[in-house]
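Quick note on numbering: the working numbering labels position 349 of the sequence shown as 438, and the sequence is numbered without any gaps.
Here a beta-carbon is modelled for each residue, glycine too, at the ideal position from N, C-alpha and C.
Bear in mind that the values here come from a model prediction, so they are computed numbers and not experimental data.
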Amino acid sequence: MMHTRHRGSVIVIALWALGIAALVTSSIQIFAHRQALLGIEVHDRIQARWAARAGIESSIAAMSEHVLMPVQNHAFALIKDLEVVSYGEVGNASWDIRHHVDGRDWQGPMDEHSKFNINAQNSVLFLRILDEELPYGVLESILDWMDEDDEVRLLGVERDYYLSLDSPYEPRNGPIRSIAEMELIAGVMPDDIRGEDWDLDFRLDSNEDDGGQSLPWDEPNGILEGGWASLLTAITVDGGPTESGEPRINLKNIDLETVQLRLGVDEFQAQALVMYANGNNASLGQLLISGLQSLAQGIEGVTNLTDEQLTYVFAETSLFESHEAPPGRMNINTVSPEMLYKIFPENTRLVEELLYLRINNIRGISSPLDYRNIPGISSNEITYLYEIFDTRSSVFTISSKGTVKASQVEQEIIVVVDRSTLPVTILEYREQ
C-alpha cells in the first residue's frame, strides 16, 4: 500500500514537471516567435526607409541635373522628369512620391511655388487667396509678428502679449520660416493651417479620409482639404537656376563684358541695362512694355532689345544677390486654376487666357514675354503678372513613401529642398 502511494506521488510530480516544462517551452516558443516577427518588422521597416530615401535621392539628382543642364524654353521639363522618378524599386521594396491637389493625386513632389509666399506681405493678395473673412485682428497680428518693431497695429498683437502667456515666447519680428510657425500667432488656429492634412505632407493619408474614425476629423470624400498650408508658403525664394546653367547675374553689380557675353547684347545695350538696373525703383518687368531706349535716356546709340535678348535678360539676370533674394513668386505653370480665380476675382477673362496659354503650349509658359501674346492684355496687367508670377520653381516638398512588397510595411520621409544653387539644399527633413 505504501509503494502504491509512493508511485502515485511520483506520477503526479512527473505530470506537474511535464506540464511546467511544456508551459515553459510554449512560452519560449511564443517569445521567440514574437521576437522573430519583431525582427522581421524591424528589417522590413529599414528596407522601407531606404526605399523612401532612394526616392528622395532620385528626385534631388533630377533637380541637380536640370540646374546644370536645363532644357531651354521648356517650363515643364523638370516637372516631367520628377514624375518619371516618382516611383521606383530597390530590393524587395518600392518608393512612391506624390501630392494631393485639386481633389486628386499627382505623381512627384509638391511645388512650393504653386503657392503664395506669406513673406511677400501683400495683404490684398493674401486676403484674396484665403477667400474668407478672417476674425478681427488676425491679419494685423500676422503683420505684427513679421515686422521688426514692437508697435502694435490697431487690433494687432505684439511682444507684450506673447510674453504674458503661461508659456511665453518671443514673436519672430522677421520673415516667417514655415507655415506651421503661423500657429504661434494670436488668433491663428492649427485647424486653419492644417485643415485635414494634420501631418503637413500634402498626401491624402488613410486617417485623413475615414470620416473621423481616427484623428483628424475629416470628410470621407477622397479630397484633402489642406487648410492655409495648401495655399500659402514661407520658404520659396526668387531668382534660382538659369536657362544656361550658369549662376544668375546681378545687373546692379556686374561688369559690362559679362553682360554682353551672357545676354548677347552690344556695348551700348549692356551699359543701358546696368544704368537702368541701378536707378531708383528699377524693375525688369518694365522691359516687357517699354523699350530700352526710353528706359535709358542719355546714352546715345542704344537700340531696343530683341525678343531673343529679352528672353535672356529674364532667364539669366536679377536685381539682387543670391543671398539677398526676396520671397519667391508663384509659378504660373503650376499654380492651380482655383488659385488664379482667387487672385483675379474680377478678371476671369485673363484667367481663362492664361490657362489657355499654358495648356495649349506643350512647353508651358517659358518666358514672361509669352504674356504679350494674350489678346487684349494691358500694359499694367503684363507688369503685374511679372511681379507675382515666375515661370520656374526652385523649392519643392518631397513626400516619399517606401513600402516592402511582402509585408506592406511603410516608412515615409518628407524633405523640403531648394535647388536655387548647387548642391541642392535640404531645408527640412522628417520621418514618420
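Exercise for the section: Return yes when the Cβ of Leu384 is within less than 7 Å of the Cβ of Ile365, no when it is not. Expected result: Correcting the residue identity first, residue 365 is Tyr in this sequence and not Ile. Yes, they are a contact pair.
Practice task
Indicate whether the contact test is met: 3 or more Cβ pairs, each with one atom in the region 299-309 and one in the region 250-270, closer than 8 Å.
Solution key: The region 299-309 vs the region 250-270: no contact.
Problem - Heavy atom of the ligand SAH within 6 Å of Gln349 beta-carbon - result: Within the structure as shown, the ligand SAH is missing, as the structure has no ligands at all.
Problem - Outcome for Gly368 when other beta-carbon atoms lying within 10 angstroms are tallied against a minimum of 16 - result: Exposure of Gly368 is indicated by the presence of fewer than 16 other C-beta atoms within 10 angstroms of its C-beta.
Handout entry: Check whether Glu285 and Leu313 have beta carbons under 7 Å apart
Key = Yes, they are a contact pair.
Exercise for the section: Label Asp239 either buried or exposed according to how many other C-beta atoms from any shown protein chain fall within 10 Å of its C-beta, with 16 as the threshold for buried. Expected result: Counting Cβ neighbours within 10 Å, Asp239 comes out exposed, since fewer than 16 surround it.
Practice task
Return the CA-CA distance between Ile207 and Pro415, expressed in angstroms with no decimal places.
Solution key: Ile207 and Pro415: Cα-Cα distance of roughly 12 Å.
Handout entry: Whole-number beta carbon distance between Gly177 and Ser153, since they are thought to touch under 8 Å
Key = No, Ser153 and Gly177 are not in contact; Cβ-Cβ is about 17 Å, not under 8 Å.
Handout entry: When Phe485, Asp459, Tyr430 are compared against Asp396, the one with the closest alpha-carbon
Key = When only C-alpha atoms are compared, the closest one is Asp459.
Problem - Ala182 burial status per 10 Å Cβ neighbour count (16 or more: buried) - result: By the C-beta density criterion, Ala182 is buried, having at least 16 other C-beta atoms within 10 angstroms.
Exercise for the section: Could you tell me which residues DSSP pairs with Met419 in its beta bridges? Expected result: Its beta-bridge partners are Phe478.
Practice task
Determine, using beta carbons only, whether Leu171 and His155 come nearer to each other than 7 Å.
Solution key: Cβ distance not < 7 Å, so Leu171 and His155 don't count as in contact.
Practice task
Within the same chain, show all residues whose beta-carbon is closer than 7 Å to that of Gln360, passing over the 5 residues directly before and after it, in chain order.
Solution key: Contacts found: Leu345, Ile388.
Problem - Buried or exposed (CB count within 10 angstroms, at least 16 for buried), Met158 - result: Residue environment: Met158 is assigned as exposed (fewer than 16 neighbouring CB atoms within 10 Å of its CB, all protein chains considered).
Problem - Local conformation of Ile324 per DSSP, three classes - result: Residue state for Ile324 is assigned as coil, using DSSP reduced to three classes.
Exercise for the section: Look at the alpha carbon of Leu126 and the alpha carbon of Ile135, and state the distance between them as a whole number of angstroms. Expected result: Low per-residue confidence applies at Leu126: pLDDT is 49, beneath 50, and the placement is therefore not dependable, though the value from the model is reported in the following sentence. About 14 Å.
Practice task
With DSSP as the reference, please indicate the residues paired to Thr492 in a beta bridge.
Solution key: DSSP output for Thr492 lists Ser183, Glu499 as bridge partner(s).
Handout entry: the region 415-424 / the region 322-330 touching (three or more Cβ pairs under 8 Å)
Key = Three or more beta-carbon pairs drawn from the region 415-424 and the region 322-330 are found closer than 8 Å, and the two stretches are therefore classed as touching.
Practice task
Report, in whole angstroms, the separation of the C-beta atoms of Ile471 and Ile378, which I expect to be a contact under 8 Å.
Solution key: Contact between Ile471 and Ile378 is confirmed by a C-beta separation of about 6 Å, below the 8 Å threshold.
Exercise for the section: With DSSP as the reference, please indicate the residues paired to His188 in a beta bridge. Expected result: Paired residue(s): Trp195.
Handout entry: Nearest candidate by alpha-carbon position, reference Val484, set Gln500, Ile477, Val504
Key = Here the closest residue by C-alpha is Val504.
Practice task
Please classify His189: is it buried, with 16 or more other beta-carbons within 10 angstroms of its beta-carbon, or exposed?
Solution key: With at least 16 other beta carbons inside 10 angstroms of its own, His189 counts as buried.
Problem - C-alpha distance - Gly465 paired with Leu446, whole-angstrom precision - result: Roughly 14 Å separates the two Cα atoms.
Handout entry: Own chain partners of Ser303 with C-beta closer than 8 Å, once the 5 adjacent residues on each side are dropped
Key = Counting only Cβ-Cβ distances below 8 Å, and skipping sequence neighbours, we find Asn296.
Problem - Given Ala209 as reference, the closest of Pro512, Gln521, Glu476 once Cα atoms are compared - result: Ala209 has its Cα closest to that of Glu476, out of Pro512, Gln521, Glu476.
Exercise for the section: Sort Arg461, Ser455, Ser456, Arg452 by Cα distance to Glu442 and report the nearest one. Expected result: The shortest C-alpha separation from Glu442 is found at Arg461.
Problem - Nearest-angstrom Cα separation, counted from Val246 out to Ala275 - result: Their backbone Cα atoms lie some 7 Å apart in a straight line.
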